[in-house]
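Chains as they are written, first to last, in our numbering: chain A, 22 to 358; chain B, 32 to 514. Input: a single structure, listed below in structure tokens.
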């Protein structure tokens, strides 16, 4: 398979997965806002930070109000991470992959793009938001199912799975970050009653509540939920599960030893994290570092299999510095952002 | 509502389906009967079904968009087919093989001894002033001595019924994928006709093309690696590039996927590393093929590709330099070439043409601008030409100035009133003008498509069939009436 085609397939999967998770991200925040007492509400700006797009948002000179922020996150074509941008980029990639993708996938992708454009305005209004985003998530899930059900398990499928699982691991970590965004001490006065309901929301936004119940059989608690969404090896949206999938598909590829090494680094980082003793700030830093590990794996894949980028050096640009955690922007296949 | 053919008016025109007396021509009888039975309402339903099928099958062509992007348009197909009897087609196909054979002799001769010039049959100045003559092709021997492996020749029928050759496209002719897809669609929406009529199939083209390409491989020991080279998704024919690659099971590559290594062989970058390739079906013009040899700023091509080709390490179809024969001034000499190289009489006539490069002929053209069509020798797609009878005096004057300034760049022809075919327009059946582009493959054997792509001018009275300018298409049936 051509390196260029492999890269396009990989990014197609990442963009699709990103659009779906962005919808989940907005939904979990909206629910949090409804459940928390006013003094603890995190607001919407946290989502802009979590997706690493604060600079871009500030440059847009929009008001930091709910409507503007939600629009920025879901429908703004100038924000490369918005739902609409992701679906549009996925469609652009799919257009170059007509000879690789099943026909019905291309048709569905076209429909999905038009439907998303049409349905997104409804997600701006509080009343119709949940339903509208749910529709988008369902559309993506259908597409995922079509790919699963009609594509041969060939090289293209391998790169599709690499892209999907790496993006999913990254986005799951960002969804967890929504919860850690408000840096409240666990024992803030009057906060305790709301603790459980928030972790419950997080699980629901990942469609993971039932699966959590089946696997954990304990009450919903912070450390158990974190353990589940980060370290479960059976739930398909858990970070560790995603990385195991990446490993499985990497083993099918030639010349994968180097990337597998980076992947092992990411896995042991999750394995060794002391989740039970983390405070909110520690959790936030853990997630940033996890995202950096994911970027290293991505760069390994890119350097091994994708065409070289003009102007990009072969060395990894990721540095694990300590101190003030950085906001990691969503990665992209655009030559420069 | 049944269709009343007495209202169908093609007077003064040659219609491909309806004869001068208003009755169906022999090869089209079954079709006309069937259409009459269906009635115009049902025909409308079938036309809609065809348009839906085209959308679902994703048959598109790309139109450049003003804002730098481009958009995919559904391919326009009119479901009423154009019919040619197999007896007439056999004669046309023989004429096309003869013609392309002579053209390949000519190109090979141009890049070697130029016997045809020395023998006084073809003037040297045309080669010396040709935009598509490639100096770095001189002396090169491509496999089988063949240069134009894929040729798309445009045919038109005048009102007296004569079929003429309008032009030979020897660079990167397109349209063949639409020919195949048109048939798929029409089979779906008019299946009854295929049960009762002997309509010759068209869909073996991709395997014929693949076979021809494989035969060009410089390496014999294994299955050669054949690729299709496209300028990319924004090219108007990208659908076709992707379609043919898919049908042949080849990689669809862009210039940036390829590199010429120190051994002067061509490689493509895959997830396994660099893989050597043997044959490139290139859909990029010479100019953009290799920045080391042609346009230095081109990013579509592959640096060093000409070197690899000249050494025989990779085959290119069509060969670079083949475009020297894709020149309307050269076209006027094709009948002479057929006599010179093959010692045969031409089976298919050229449209009578005046060479503006020759002073007496230019004089004639300048005096008859109001009745002639003047065409640039290197134009295509209907751009940059003068339609004398419909142009204003001012346009004719402007063109006369251009002609006198650069006579080598133009030829003139009488207006050909293209034949018509019944076409479903606004719930009615009306005559619309058509041309025909068959495709000819030259390799160890010569293959001609069964029929070709019929293009139709959808606007009333229009002779412009280009899809970028509101043209549509039709399925083309070669019907065996003896069967």
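Beta carbons: idealized from backbone N, C-alpha and C, even for Gly. Computed from a predicted structure; not experimentally measured.
Looking at the structure shown, is residue 96 of chain A part of a helix, part of a strand, or coil, going by DSSP?
-> coil
Span separating the alpha-carbon of residue 392 of chain A from that of residue 249 of chain A = Because residue 392 of chain A is not part of the residues shown, which for chain A are 22 to 358, the question remains open.
Report yes or no: is there a C-beta of chain A within less than 9 Å of the C-beta of residue 297 of chain B?
-> no
Cβ pair residue 313 of chain B, residue 347 of chain B closer than 9 Å = yes
So is residue 152 of chain A buried or exposed if we call it buried at 16+ other beta carbons inside 10 Å?
-> exposed
Report the residue ranges of all alpha helix (DSSP H) runs contained in full by the stretch 140-190 of chain A; include only those spanning at least 4 residues, in chain order.
-> 147-171
Rounded C-alpha distance that separates residue 421 of chain B from residue 112 of chain B = 30 Å
At least one CB of chain B closer than 9 Å to the CB of residue 130 of chain A: is that the case?
-> no
Can you name, in chain order, every residue of its own chain whose Cβ lies under 8 Å from the Cβ of residue 240 of chain A, other than the five neighbours on each side?
-> 217
So what does residue 453 of chain B bridge to, in DSSP terms?
-> B:462
Can you give the Cα-Cα distance for residue 200 of chain B and residue 266 of chain B, rounded to whole angstroms?
-> 18 Å
Bounding residues of the beta strand (DSSP E) (the contiguous stretch that carries residue 182 of chain B) = 181-188
Check whether the Cβ of residue 215 of chain B lies closer than 9 Å to any Cβ atom in chain A.
-> no
Answer yes if the stretch 469-481 of chain B comes into contact with the stretch 82-95 of chain B, meaning at least three C-beta pairs across the two stretches below 8 Å, and no otherwise.
-> no
By DSSP, does residue 22 of chain A sit in helix, in strand, or in coil?
-> coil
Return yes when at least one heavy atom of the ligand FMN lies under 8 Å from the C-beta of residue 143 of chain B, else no.
-> As for the ligand FMN, it is missing from this structure, which has no ligand bound.
Taking all protein chains shown into account, do 16 or more other C-beta atoms lie within 10 angstroms of the C-beta of residue 209 of chain B, making it buried, or fewer, making it exposed?
-> buried
Short CB-CB distance (under 9 Å) between residue 99 of chain A and chain B | no
Looking at the structure shown, is residue 114 of chain A part of a helix, part of a strand, or coil, going by DSSP?
-> helix
State buried or exposed for residue 85 of chain A, treating a residue as buried only when at least 16 other CB atoms are found within 10 Å of its CB.
-> exposed
For residue 255 of chain A, name the three-state secondary structure that DSSP assigns.
-> coil
Kindly indicate which residue of B:508, B:494, B:459 and B:242 has the alpha-carbon position closest to the one of residue 38 of chain B.
-> B:459
The beta strand (DSSP E) with residue 300 of chain B in it runs from where to where?
-> 297-301
Could you say which of A:191, A:274 and A:320 lies nearest to residue 261 of chain A if we only look at CA atoms?
-> A:191
Residue 221 of chain B (DSSP reduced to helix, strand or coil) = coil
Which class does residue 351 of chain B belong to by DSSP, given the choice of helix, strand or coil?
-> coil
Would you identify the three-state DSSP class for residue 495 of chain B, choosing helix, strand or coil?
-> coil
Along chain B, which residues have their Cβ under 7 Å away from the Cβ of residue 117 of chain A?
-> 264
Where do the N-terminal and C-terminal ends of the alpha helix (DSSP H) with residue 70 of chain A fall, by residue?
-> 66-71
Please list, in chain order, all residues of the same chain as residue 107 of chain A whose beta carbon is under 6 Å from its beta carbon, the five residues on each side excluded.
-> 36, 39 and 40
Distance, Cα to Cα, residue 195 of chain A vs residue 49 of chain A?
-> 11 Å
Compare the Cα-Cα distances from residue 129 of chain A to each of A:164, A:140 and A:110 and report the closest residue.
-> A:164
Starting from residue 61 of chain A, follow the alpha helix (DSSP H) in both directions and report where the run begins and ends.
-> Here residue 61 of chain A belongs to no alpha helix (DSSP H), and DSSP marks it neither H nor E.
Fully enclosed by the stretch 145-183 of chain B, which alpha helix (DSSP H) runs are 4 residues long or longer?
-> 146-149 and 155-159
In chain order, what residues of the same chain have a beta carbon less than 8 Å from the beta carbon of residue 317 of chain B, not counting five sequence neighbours either side?
-> 163, 165, 202, 325, 351, 352 and 354
Taking Cβ-Cβ distances below 7 Å as the criterion, which residues of the stretch 330-360 of chain B are in contact with chain A?
-> none
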